[in-house]
Amino acid sequence: MQLRTHLCQVLFLWAYCLCLPRTPVKTGVSLRPHAIGGAADWSLTAAPLPSPPENELNNAAAQQTLAKYSHLFKIVTPINVDKLESLLKDHPNKPFVDSVCRGLREGFWPSADTSDPEYPVTWDNSKRELVSEEHRLFVEEQCEKEIAVRRFSEPWEADELYPGMYSMPIGVVPKPNSDKLRLVTDHSAGKFSLNSMIAKPEHDDKVQLDNIHDLGHDLLQVCRHLPHLELDLFKSDVAEAYRLMPMHPTWQIKQVVSIGRKCMVDCCNVFGGRRSGNIWCAFMSLVLWIAVYVKGIRDLLGYSDDTFSWEYRGNSVWYAPYSRYLPRKQRNLLSLWDELGIPHRAEKQISGSPIPIIGFDVDANTMSVTLSNERRGKLVSAIRDFAGPSMKKRTHRPLQQFQSLTGWIQWALNVYPLLRPGLSMMYHKMCGKQQRHALIEVSVTLRKELHWLADHIENSSGVFMLRSLSWRPEDADLVIFTDACFDGMGFWSLQQLLGFQTHLPAVAGTIFYWECLAVLSAIHWAASNTDVAIPHRLVVYCDNTNTVDLFNSLHAQLQYNTLLKSAVDILLQSDIDLRILHIPGEANGVADALSRWDAEHALRLVPDLQIAPFEPPPDALGVPVQ
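Numbering of the sequence shown is given in this note's numbering, commencing with residue 83 and proceeding in unit increments.
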């Protein structure tokens, strides 16, 4: 009878594992649910873009200048808005479509609040010296080019701005991964900067960008169905992306470019405006929707001005404007861009495998993503330079530097998804801060966290295997069930019929903390278990949804981050792919009994279970939880 009960319990648990969804499961990678394309589908629920507010339309000084000097303010875009609108006639989010088309015809408003009476009617903050003669000549050359394509107005000379105008300082920066230069206007400079009028996008307003893991999902789906076919990748780049979007005249009047006494109105979207990226990506999300749902270009993904996907090797067609063969889907995409008036250049349209996509070398056939040694070294140096020596006294850095390094690290998480806990203190330090030049303390805790991050990046291969995202729970080498209560913690292994329990450590903690510690203890046991080989694929079941979410997102409040870092350390050291999955409490009876020190009940459920004590990993107990 006991043997029959034991077999029933094991069969039930194994059947439960098998009945879980057979789709790729969320891991510590924190992937979003994948549809045809996140960037394409974002437009389905996006809120309409705003028009200028009433107070700006009633700004007497600005309106008089707009009327008196109307020749300075133009709506300039190469986009065929009528064609765009006709291709979007079946788009389900008509208010959003209408707002984007209105912006292309009348100019976009960057969600600015200009109602603060402390801001002056007219403001000239353009007096900033360029750093070299080379930069001065470059600025003059670029201004002439912008005037020639009508994105800058014809210049005029004056000692003062016209009423209602704002002028921000200009500068020159290198283009990423290039020796070329870029003209920028600093919309964040000074007390009355243009960006200070614009709130950061709320979570629901942020545009969804596709990433390397989304591409990996598509590649895995293709390889699962047609495993023997070779693939190529392609990436297409829009020329002068942000600059294709016109701004509303009531915002153009605040975008005056000044060089000495010479003034010009910038009529278009600028690189560096707080909502500039949102405006561009809102437009591109509609273009992607057309490409995917109207033109039928499968698995098309977008990241700002880059669009990328895969194609079967050899499936190439002639593209007359470039006089060369291109992957069929890439040719179809460029034909759509031609139809809509979106400019592009031949040298920026690449294909093959491997190719660089958003800064990583992606190989569709080895299913690998690589961060080059050079880029890896630069990132590690930047992190260490920012942090300083581990034992150095506290120092301070401006918010702008915090944001820049955080963005760089976030990009690298495409290859290092497990290292997200290394940004916990950075996020905490930046939370609620707006002034880019405000100094923020680089604390000892932050310094240690950044060195932890840099150490892992430096010691890694820089290669991420996309196949690590594709396995299912039933493919696991080891399955563990965990639970915790205020009597203790417990976990057990299905394959080995081994159970473990412990009383709570002598630190303050919530039930959430103990549930997380139980999961972490199970991971450490799996990596150090001498009875069986270290599992390459590990599944841990937990009946606490908050704990599952914490380990899947790898994002936690500071007091829990030590647990995540400890888990990451052992996963990387042991080369374990982890899945943390939820199990209903009623199906988790053995782990529950172990945590309550009810061995009798645990043995009734699994008679052959061997029970032993365990100690939680000591490195995870350094931060008490209040």
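Backbone N, C-alpha and C define an ideal beta-carbon position, used for all residues, glycine too. Remember, it's a predicted structure, so these values are computed and weren't measured experimentally.
Within the same chain, show all residues whose beta-carbon is closer than 6 Å to that of residue i, passing over the 5 residues directly before and after it, in chain order.
| i | result |
| --- | --- |
| GLN692 | LEU580 |
| ASN626 | GLU597 |
| VAL451 | ILE294, PHE442, VAL444, VAL497, PHE546 |
| VAL255 | ARG264, VAL266 |
| ALA649 | LEU602, ILE605 |
| GLY434 | ASP314 |
Can you tell me where the beta strand (DSSP E) with residue i in it begins and where it stops?
| i | result |
| --- | --- |
| PRO617 | Note, PRO617: premise wrong, no beta strand (DSSP E); not H, not E. |
| LEU478 | Note that residue 478 corresponds to His in the displayed sequence, not to Leu. Looking at the DSSP string, the run of the beta strand (DSSP E) that includes HIS478 is 477-480. |
| TRP419 | It is not in any beta strand (DSSP E) - TRP419 instead sits in the alpha helix (DSSP H) that spans 410-422. |
| TYR401 | 398-401 |
| THR452 | 450-452 |
| SER433 | 432-434 |
| PHE442 | 442-445 |
| GLY384 | 383-385 |
Tell me where the alpha helix (DSSP H) around residue i begins and ends.
| i | result |
| --- | --- |
| ASP631 | 627-635 |
| CYS225 | 215-230 |
| ARG458 | 455-469 |
| SER550 | Run containing SER550: none; DSSP gives neither H nor E here. |
| TYR509 | 506-512 |
| LEU139 | 136-139 |
Near residue i, which residues of its chain fall below 8 Å by C-beta distance, leaving aside the five closest residues on each side in sequence?
| i | result |
| --- | --- |
| LEU535 | ILE465, ILE491, LEU501, GLY504, LEU505 |
| HIS269 | MET250, SER275, LEU276, ASN277, VAL352, GLY354, GLY355, ARG356 |
| PHE484 | MET508, LYS511, MET512, ILE522 |
| VAL107 | With a pLDDT of 31 at VAL107, under the threshold of 50, the predicted position of this residue should be treated as unreliable, and no value is reported. |
| PHE190 | LEU131, MET327, PRO328, MET329, HIS330, TRP333, ASN351, ILE361 |
| GLU167 | VAL179, CYS183 |
| HIS153 | SER235, GLU236 |
| VAL462 | ALA536, ILE539, GLU540 |
Out of the options, point me to the one whose CA is closest to residue i's CA.
| i | options | result |
| --- | --- | --- |
| PRO202 | ALA230, LYS165, HIS173, MET247 | MET247 |
| LEU148 | VAL182, ALA373, LEU243, GLY253 | LEU243 |
| THR267 | SER340, PHE484, PRO245, ALA240 | SER340 |
| GLY441 | GLY434, LEU416, PHE468, TYR385 | TYR385 |
| ILE665 | VAL630, ALA558, HIS683, GLN639 | VAL630 |
| VAL614 | TRP205, CYS567, ASP559 | ASP559 |
| ILE652 | ALA638, LEU265, ASP443, VAL601 | VAL601 |
| LEU212 | GLU222, MET571, ASP206, ALA373 | GLU222 |
| PRO199 | ASP123, LYS262, MET279 | MET279 |
| LEU487 | ASP180, PHE468, ARG476, SER214 | PHE468 |
| LEU703 | ASP569, GLY671, LEU645 | LEU645 |
Among the residues of its own chain, which have a CB less than 7 Å from the CB of residue i, if the five just before and after it don't count?
| i | result |
| --- | --- |
| LEU126 | PRO174, ASN175 |
| LEU685 | LEU691 |
| ARG518 | SER270, PRO480, LEU481, GLN482 |
| ALA232 | Inspection of the sequence shows that residue 232 is occupied by Arg rather than by Ala. Excluding residues within five positions, the ones whose Cβ falls inside 7 Å are LYS156, VAL158. |
| ASN141 | GLY246 |
| ALA364 | ALA128, LEU131, VAL182, VAL289 |
| GLY272 | ASN207 |
Would you say residue i faces chain D, with C-beta separation under 9 Å as the test?
| i | result |
| --- | --- |
| LEU586 | Within the model displayed, chain D is absent; a lone protein chain is all it includes. |
I need the straight-line Cα distance from residue i to residue j, nearest angstrom please.
| i | j | result |
| --- | --- | --- |
| THR389 | ASP680 | 57 Å |
| LEU495 | ARG406 | 36 Å |
| ALA609 | PRO698 | 13 Å |
| ASN541 | LEU620 | 23 Å |
| VAL338 | ALA230 | 17 Å |
| PHE563 | LEU676 | 10 Å |
| GLY470 | MET346 | 43 Å |
| ILE593 | GLN303 | 39 Å |
| ALA321 | GLU393 | 23 Å |
| ARG427 | SER417 | 13 Å |
| LYS515 | SER398 | 50 Å |
| ASP261 | GLU136 | 44 Å |
| ALA638 | GLY591 | 15 Å |
| LEU291 | ALA323 | 15 Å |
| ALA117 | ASP296 | Confidence in ALA117 is poor, its pLDDT being 42 and thus under 50, which makes the residue's placement too unreliable to answer from. |
Bridge partners of residue i, per DSSP?
| i | result |
| --- | --- |
| LYS344 | GLU239, ILE341 |
| LEU263 | PRO256 |
| PHE190 | MET329 |
| GLN692 | LEU580 |
| SER391 | PHE316 |
| VAL524 | THR477 |
| HIS664 | CYS624 |
| THR564 | PHE573, CYS624 |
| SER249 | ASP206, VAL338 |
| PRO438 | ASP443 |
| ILE280 | ALA194 |
| TYR407 | TRP400 |
| HIS426 | VAL320 |
At a cut-off of 8 Å, would you count residue i as near the ligand FMN, judging by its Cβ distance to the nearest heavy atom?
| i | result |
| --- | --- |
| ALA469 | Questions concerning the ligand FMN fall outside what the structure shown contains, since it holds no ligand whatsoever. |
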